[in-house]
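Chains as they are written, first to last, in the numbering used here: chain X, 1 to 161; chain H, 1001 to 1773; chain Y, 2001 to 2278.
From the three backbone atoms N, C-alpha and C, an ideal C-beta is built for every residue, glycine too.
In this text, all values refer to a predicted model and were calculated from it rather than measured experimentally.
What follows is a single structure, written as structure tokens, with notes after it.
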Amino acid sequence: MKNTRHLSFSVNGEAKEFLVAPDEKLLDLLRREGLTGTKHGCGTGSCGSCTVIMDGKTVYSCILYAFQAEGRAIETIEGVGDFDNPHPLQTALVEEGAVQCGFCIPGIVLSAKALLAEIPQPTDAELKVYMDGNLCRCTGYEKIEVALHKVIAAGSCGGAK
Amino acid sequence: MNVKDLKVVNKSVVKIDSMSLALGKPSYVADFKPADTLYVKMLWSPHAHARIVSIDISAAEKMPGVKAVLYHGNVPRVAHCTAGQGYPEPSPYDTFMFDTKVRYVGDRVAAVAAETLEQAEAALKAIKVEYEVLKPVLSIDEAFAEGAPIIHDEPDATIPIPVPYEPLKNLVAHISMEVGSLDKGLAEADFQFDRTYETQYAQHTPIEAYVAQAYLDPRGRIVIVTSTQVPFHCRRIVAQCLQIPVQQIRVIKPRIGGGFGSKQEVLLEDVVAMLTLRTKRPVFWEFTREENFRTGRTRHPIRIRLRMGVKKDGRITAFGMEATSNTGAYGGHGLTVIGCCGSKVLPLYRADNIAFLGKVAYTNMPVSGAYRGFGATQAFFAAESLMDEMAEAIGMDPVEFRKLNHIRSGEGSPVFEALGEGKKGVPMTIGSCALADCIAIGAKEIDWSRRTPWRSKTGRYRRGLGMCCLMQGSSVPEVDMGAASIKMNEDGSFNLLIGATDLGTGSDTVLGQIAAEAIGTTIDKMIVYSSDTDFTPFDVGAYASSTTYLSGEAARKAGAKVKLQILNTAAEMLHLPVSELDTAEGWAFSQDGQHKLSFSEISLYSLYQKNQYQIMDTASHITHKSPPPFSAHYVEIEVDTWTGAVQVLNYVAAVDCGTAINPKLAEGQTEGGVLNGISYALTEEYLFNAKGKMINANLTDYHIFSMRDKPPIKAILVPSYEETGPYGAKSVSEICINGAMPAIANAIHNATGARLYTTPFTPEKVWRAIQAL
Amino acid sequence: MKLNEFIIPEDLKSAQSALEKLGEKGFAVAGGTSLHFLGIVEKTAVDISHLGLSGIQKQGGAYLIGATTSLGDLMKFKDQGWVLDQVALHTSTQQIRNISTLGGNIVRVFPWNDFPVALLALDATLYIEGVAEKAYSSDDYFNGQPIRLFQPGQLLTRVEVPVLKPGQGFGYHKEVRLHAGFSLMTAAAVITVKSGRIDGIRVAASAGIALPARLTLVEAALGGQAADAASLQQAVANGTAALAWKGKEGMSDEYAAHLGRVVLMDVLSAALLQAQGE
């Protein structure tokens, strides 16, 4: 790769250094680093399956150049929960049957997590606005909404890490 | 069977793969990319119709990183069908891995495998192709016009079954049936109708695009890991294309990111397999979203002419349908989809005189394929729109009109026998049918009683209520087969091995529930593994609304056989007759309650202690019926009469899918199908330039709904019990995509008086229809 | 597009000098979300997102908005005379709003861009900074592709938008097929009402016409007229006859013209209503 450069930013709380090409997208970087929970769905910033959180805000990693993450904090689905300690959002989505093919779900989890960190008790309108960048083709969003409302009502996610 | 006695079935157990997916664990094809993989890029045809006069790959072959280039000159020429269906397929063999002719914008020209994606892309630019551009055929009318260009003029395009196929006339299929006399039925009617409806190109757009990879295992066999709905058909078709034995190929389907019918085709696997054979390297190919739109499969645009007659008292005297579809450049699903226009729609209402004529045209447009709903989607738009028109003509409420005419339990339809897939159908009497309940429950939920005539409405924004009824099928009778194997482990857990293909629907969970119920254990003891041609028994795959009903019955039968083995071993251990024993929740027990053994004890005994054997069994299933699920859909909309914009306010789908094996998953199927149907009705369409190239091939301009766009959708499961299905189940996945288009069309009419005959219902179309009143 | 190099400068001055040195080869990137619409290859990206050009301040009768303020921040900012939250709310999706910037939306203008229309109606002032700062009225700035005004090393640094005063009303509408879609028709208007008459009017549109522009004939027809629906109707009817409306996404031009007039009426009516204090 020509003109590769070192970048440093944190991924899921861990400071890291990466060698990147100038036009490498953050999604490709994350996936080649083994963080495959971030998905490639469209490559044009339309579907949301590549969503990650950068400095507390969701972004599309498929159109974000890796260098734009320099010095920032990136959070991917791998940092959100695990089998022995799933995030309340993950538990709710699973329990409500909101996971069909599941391809959009990591992005849905991250968008909802960023929303609830910013607005712990969002209105329905706020919820829809903050979730408008994640397309799901399987569920019609009904069960996803039910799951998110369940987490909001329980208040289990307010100001979550 | 009392559904209330069921322990695992009819319970909303958690979908078994859902937590791993929510955690983002490696699950999908692209998550398992070998480190030393080669990347594939395809040179696609820029022309809708052209001959490749010459092609020079020599420069591309010498480019950095390039390991192989494929084109028509260096691969076997094998006529085949990309659609994964039964064998021999009811479809023409009209496709070649690479051909000397290109037939749509996005057809294959040449493939490159290189060390990096960038190198593969660069190599594409070095391939020199000289085209003789031919006149393209861009519509059904152009296809059938006198002197039309012939799209498949190659002599080796044939059809493997004896049905009409006339490629020299651009005619892919032609089927017809008549029961009674349509003319006589129309003559008897008090009101006669002759209406024509046209539907648009649309795509499934799973969020995971088409993706496949291949590598050689240590013994030199080809392993294909692919996002497919039809792993076994994929194996057979790749073997055919590469001219190698099926034995040489293993197909694995990991989790897949949605399919909806699009992945019932072999569009990548022949190429990755061939490139792996040529290079001895792993090969990975993923479509871009644009490629997914242009080259991937679509929903057939269909023109449907209905001729119907109705008596003043509401009896339907004639039901005639002429459906002509545009299957695009290749005809894999041409015949079967057009057949379903008739076979899934005509039986819903009683009529003495029924006629169906189906024709399928080749064009130089994107290739149509299987898409959830499968012909019924388009035909229900037509039929259910006209049902409302007829009700209005005789002054009857649309709900009452449908209640009067719809098919009931114990009734048959001559259509079932007349229309099959490339052959006669199978006669069928309806078993379970809760459509009357669906109609009543849905009407109550939406509050149908407040519906007022459109003439009473004024103002810019006008609301309307619309409804429709639907039926589908469950599997293709006496064609489809599914099989399941179950093996018991020391701890009382079971491997359930199924060929059935979970494309996100939850069929692994549903089949696990059925097997657990049959064995007498709990869902957490089931290790479900599906869709691996080396390890799981055969299954036709995920299509035709077959998995729950067909593969589910295989799982139930295998479970029952394993239960019998468990009981036999328990009887030997307890010295009791088998007839006194039963199983439940992982225990075998005597019915007097005196004795019990855990499944683990039984398994340890059978594997290690005495008369050792592996408790396991296999069952296969074919069906002799295709019991329809039924559904009634209701919608409330608001039309901005100044702009023509339609907003869906509220949607209710009441569905009879027999016993819902997993109610939450069945609701999820319904809700997802409904929203897909809504965007198909309102916003989704392929836009083309004058040369047949799609111009909105991205997810922003194609317009599928987000959470912000969606209306509230209420799915109501209305129970019935289908005696021939596993624990009373029928299918649920396809039916609910079909309702939105007719229900919304009827609601637009109820709001404004405007009747839409072409889709989607864009603001301009609605506005023009209102202007024309 | 391909980038062959990137620079992450420490401060505004070094960003400017880097861009100046690069000349045609340089490219300022803030959110970067529109880059895939640009067929640019072989450029060096200069990241301007960390240079302190973000934020919204109220100063006197105006809001000063840093050029790299994200659309999400515009959406969240709330104040009595602040209206750009309405524009941001209907722009793209949350992930885009989070990183896409006001500057990015208005430095290169695509027909579907949302903010030029609003800024024209609001009579904003735009500041381009090189060696010295130069202010442009929105009329001058959007009178052609804004990029024509930038010399290498010059950056849009801030936008000044007047605070909406009592007696003024703002109307904005973006017609889309779905929320995240690109605009089919965008219009914005600011109306000032005094003693029952329209004392001031600025109205602009885009998407349905070639590039964002003020509709001066509509404005002329409305100035001084009675502040009522009839005046609006007449002005829209008379003031739009000469416009060349273009249908998008399969719409005919005829329908686009009709839709344009409906959207203009809606926007003007909303502005009038607010101006009249309702």
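Check the Cβ of residue i against every Cβ in chain X and list those closer than 8 Å, keeping chain order.
i	result
H:Asp1031	Thr36
H:Arg1708	Lys128, Val129, Met131, Asp132
So with CB distances below 7 Å, who are the chain Y contacts of residue i?
i	result
H:Glu1764	Met2251, Ser2252, Tyr2255
H:Leu1687	Glu2249, Gly2250
Going by other Cβ atoms of all chains shown within 10 Å of its Cβ, with 16 needed for buried, is residue i buried or exposed?
i	result
H:Asn1405	buried
X:Val52	buried
X:Leu19	exposed
Y:Thr2044	buried
H:Asn1689	exposed
H:His1624	exposed
Y:Asp2011	exposed
H:Gly1504	buried
H:Tyr1549	buried
X:Gly159	Here the model assigns X:Gly159 a pLDDT of 44, short of 50, so the residue's position is not dependable and the matter cannot be decided.
H:Val1105	buried
X:Tyr65	buried
H:Glu1146	exposed
H:Ile1695	exposed
Tell me the rounded alpha-carbon separation between residue i and residue j.
i	j	result
H:Glu1580	H:Lys1596	12 Å
Y:Val2218	Y:Ser2070	32 Å
H:Gly1506	H:Ser1531	13 Å
H:Pro1577	H:Ser1606	17 Å
H:Tyr1543	H:Tyr1529	19 Å
H:Trp1448	H:Val1718	18 Å
X:Phe103	H:Val1272	23 Å
Y:Leu2021	Y:Pro2009	Checking the sequence, you will find Lys at residue 2021 of chain Y rather than Leu. Straight-line Cα distance between these residues: approximately 13 Å.
H:His1633	H:Ala1436	12 Å
Y:Pro2146	Y:Asp2139	11 Å
H:Ser1600	H:Met1488	9 Å
Y:Arg2261	Y:Lys2058	34 Å
Y:Gly2167	X:Gly133	37 Å
Y:Ile2099	Y:Ala2244	34 Å
H:Ile1498	H:Ile1252	12 Å
X:Ser61	X:Ser49	9 Å
H:His1049	H:Asn1292	20 Å
H:Thr1276	H:Thr1288	21 Å
Y:Trp2082	Y:Gly2200	18 Å
Rounded to whole angstroms, how far is the Cβ of residue i from the Cβ of residue j, which I believe are closer than 8 Å?
i	j	result
Y:Val2192	Y:Leu2215	In the sequence under discussion, the amino acid at residue 2192 of chain Y is Thr, which differs from the Val named in the question. With a Cβ gap of about 17 Å, Y:Thr2192 and Y:Leu2215 do not count as contacting.
H:Leu1637	H:Ile1748	A small correction: the amino acid at residue 1637 of chain H is Ile; Leu does not occupy that position in the sequence shown. Between H:Ile1748 and H:Ile1637 the Cβ distance is about 7 Å, and since that is below 8 Å, they are a contact.
H:Ile1622	H:Asp1480	7 Å
X:Cys136	X:Ile119	Wrong, their Cβ atoms sit about 21 Å apart, outside the cutoff.
Which residues in chain H sit within 9 Å of residue i, going by Cβ to Cβ distance?
i	result
X:Arg5	Per Cβ cutoff of 9 Å: no residues; X:Arg5 is ~17 Å from chain H at best.
Residues of chain Y with a CB under 9 Å from the CB of residue i: which are they?
i	result
X:Phe18	Residues of chain Y passing the Cβ test: none, with the nearest at roughly 13 Å.
H:Phe1761	Here the premise fails: no neighbours, minimum Cβ distance about 11 Å.
Can you tell me whether residue i sits near the ligand ADP, meaning its C-beta is under 7 Å from at least one heavy atom of the ligand?
i	result
H:Val1137	Among the components of this structure there are no ligands whatsoever, and the ligand ADP is therefore not found.
Under 9 Å Cβ-Cβ, which residues of chain A neighbour residue i?
i	result
Y:Arg2108	Chain labels in this structure do not include chain A; the protein chains are X, H and Y.
What residues from chain Y crowd round residue i, counting only those whose CB sits closer than 8 Å?
i	result
H:Trp1767	Tyr2255, His2258
X:Ser10	In chain order: nothing, as chain Y lies at least about 16 Å away.
Residues of chain H with CB under 7 Å from residue i, in chain order?
i	result
Y:Arg2177	Thr1683, His1703
For a contact meaning CB atoms closer than 7 Å, what does residue i contact in chain X?
i	result
Y:His2036	Thr44, Ile63
What does residue i touch in chain H if you count any residue whose Cβ is under 8 Å from its own?
i	result
Y:Phe2182	Thr1700, Asp1701
Exercise for the section: Determine, using beta-carbon pairs with one atom in the segment 1644-1655 of chain H and one in the segment 1571-1587 of chain H, whether at least three such pairs fall under 8 Å. Expected result: As far as the Cβ criterion goes, the segment 1644-1655 of chain H does not touch the segment 1571-1587 of chain H, which means the pair count is below three.
Practice task
Count the C-beta pairs between the segment 2016-2028 of chain Y and the segment 2087-2096 of chain Y that are closer than 8 Å, then say yes if the count reaches three, no if not.
Solution key: Verdict: no, contact absent.
Exercise for the section: Could you say if the segment 1008-1028 of chain H and the segment 1513-1527 of chain H meet the contact criterion of at least three C-beta pairs nearer than 8 Å? Expected result: Because the criterion of three Cβ pairs below 8 Å is met, the segment 1008-1028 of chain H and the segment 1513-1527 of chain H touch.
Exercise for the section: Report yes or no: do three or more beta-carbon pairs, one from the segment 1349-1358 of chain H and one from the segment 1196-1203 of chain H, lie closer than 8 Å? Expected result: The segment 1196-1203 of chain H and the segment 1349-1358 of chain H do not touch, with fewer than three beta-carbon pairs separated by less than 8 Å.
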